[in-house]
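Here the sequence shown is numbered in full-length UniProt numbering, starting from 1 and rising by one per residue. Ideal Cβ positions, reconstructed from N, Cα and C, are used throughout, including at glycine. Since the structure is predicted, the reported quantities are computational estimates derived from the model, not experimental observations.
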Amino acid sequence: MRVPDDGGVAIVGGGIGGLTAAVALRGIGVRTTVHERAPDLGRIQTGGGLMLWHNAVRALHLLGLRDELAKIGHEIRAQEFHSWRGRRLARWPVAEISERTGVPVYAVSRPELHRMLTGQVGADLRLGSRCTGFATGRDGATLRLSRSGGRSEEVHRDLLVGADGLRSTVRAALMPYEPPPRYAGYTAWQGVVPDPGVRPGVFVNIWGRGRRFVYYPLADGLVYWDAITSDRIGHGLDALGATGGEIVTEQFAGWPDPVAALVAATPPEEITPIDIYDRDPVRRWSTGRVTLLGDAAHPMAFNLGQGGCQSIEDALVLRQCVDEAGPTGAALELYERRRLPRTTTIVRRSRAIGSLSRWQNPALCRVREGFMRIAFRRLVYRKTADLITATDY
């Protein structure tokens, strides 16, 4: 069935990036529809915690979501780095940047953020709507869809935005000979538990030999934690013969409080492993009236906490470009030129930090700890602060 051409923008993917793009474009009067393959919201409103640094929070404020975000966020005022033996190595005064810029940093529940954005998009989110292909021409893009019940549909829009994640269908069509995503070398085990008494407003990173453990408080009396190991779980938990809780407990035995308490408080079936992937940066991610956004464009490891933040930035820059050039191919070229340099830098820097964190040699780990104590704040903090306060919008 062919749907009449109503112009506007079709977005493939109802994650954080796709929904933010819809909110952003609607704010300048562009008709936008989000097509999400999942049949119900329960399939996509999942996950644990997410850090929203200054760049993402400022973007959401510009979209008029200041009050809604404050309701679901727990403000982070400091970030600490500890050794696995319990020694504090460095402390970053996040609150100083927040006070200087007037923009806070929030730790949020990923499902709550998704619900907030879904509420803004409303009926323009189409569930059970899977992209099966597209064509792009001088006057727009035609999106082919498979809808719930097996019926097919075509929609013609001015622009098509692929925001469908790491293994994007839209990207695969734009770059058919690209290699698969690159395994980053580590796996994150995640959990969310009632707060056992962690310090409010503090994001803690504990570094060990080839392992890390991070945790931070969320709103509503919850804590999110990540246990990062240099093991690949792609073959599934069943093949390991152990629960997630048993594996994490064994890997992090002897680590300082509250590591054991957080893991023990999490039901084993809720400790979920995620193998971490990224991709090498590309020189282009747009063709004609079709472009990519978020993880579909520039998937990155989580070491700078910028995956979701960069998706939100993408949405703001896309809105500005469409506002300047209209819903045209020229707008997508402008969007690509503005976003490629910054996202390429962040992908590469995230990858470098991930490599540093995987060191297992005891002597090298002692050198790393010494560097973190002496120079981490002076050197790394300043560069990171510049990165998370700068924006392309």
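Scanning the region 37-88 for uninterrupted alpha helix (DSSP H) segments of 4 residues or longer gives 54-62 and 66-72, listed from N- to C-terminal end. Taking a cut-off of 8 Å for Cβ pairs, the region 280-287 and the region 334-342 touch, as three or more such pairs fall below it. For cysteine 321, DSSP assigns no beta-bridge partner whatsoever. For the pair of segments examined, the region 137-145 was found not to touch the region 255-268: the number of CB pairs separated by less than 8 Å stays below three.
A direct Cα-to-Cα measurement between alanine 78 and proline 196 gives close to 19 Å. Residues Gly48, Leu222 and Tyr224 of the same chain have their beta carbon placed closer than 6 Å to that of valine 192, with the five preceding and five following residues left out of the count.
For glycine 191, DSSP records a beta bridge to Trp225.
In the structure shown, tyrosine 393 falls within a coil segment according to DSSP collapsed to helix, strand and coil. In this structure, the CA atom of alanine 107 is about 14 Å from the CA atom of leucine 304. Contact between tyrosine 393 and glutamine 320 holds: their C-beta atoms lie close to 6 Å from each other, under 8 Å. Excluding the 5 residues flanking it on each side, methionine 372 has same chain C-beta neighbours closer than 7 Å at Phe81, Leu89 and Ala90, in chain order. A contact between stretches requires three or more CB pairs, one per stretch, nearer than 8 Å, and the region 349-364 meets this requirement with the region 206-220. Across the set Gly329, Leu50, Gly18 and Asp386, the C-alpha of Leu50 shows the shortest separation from the C-alpha of glutamine 190. For the pair valine 34 and valine 121, the CB atoms are nearer than the 8 Å cut-off.
Look at the region 107-194 and you find these whole runs of beta strand (DSSP E), each 3 residues long or longer: 125-127, 129-137, 140-147, 152-157, 159-162 and 182-194.
As DSSP reads the structure, aspartate 275 sits in a beta bridge with Thr187.
A distance of 8 Å or more separates the beta carbons of aspartate 275 and alanine 297. The residue among Thr384, Pro327, Ser230 and Ile28 with its C-alpha nearest the C-alpha of proline 273 is Ser230. In this chain, phenylalanine 213 is not harboured by any alpha helix (DSSP H); it is covered by the beta strand (DSSP E) spanning 211-217. In the displayed model, leucine 293 falls within coil according to three-state DSSP, outside both helix and strand.
Sequence-distant Cβ neighbours of aspartate 6 in its own chain, meaning closer than 7 Å and more than five residues away, are Arg31. If you keep only unbroken alpha helix (DSSP H) runs of at least 4 residues inside the region 328-378, you get 329-357 and 362-374. Between the C-alpha atoms of glutamine 45 and alanine 363 there is a straight-line separation of about 43 Å. DSSP places isoleucine 97 in the uninterrupted alpha helix (DSSP H) bounded by 94-101. Distances from the CA of isoleucine 228 to each of Gly354, Pro268 and Gly42 were compared; the closest alpha carbon is that of Gly354.
Shown here for valine 248: same chain residues with a beta carbon closer than 6 Å to its own, the five before and five after excluded, namely Trp189, Ala227 and Val263 in chain order. DSSP places phenylalanine 302 in the helix class (H, G or I) of the three-state scheme. Boundaries of the alpha helix (DSSP H) around alanine 22: 16-26. Secondary structure note for valine 263: its alpha helix (DSSP H) is the uninterrupted segment 259-264. Contact check for alanine 375 against valine 161 fails: the beta carbons are separated by 8 Å or more. With a threshold of 16 other beta carbon atoms within 10 Å, valine 367 falls short and is exposed.
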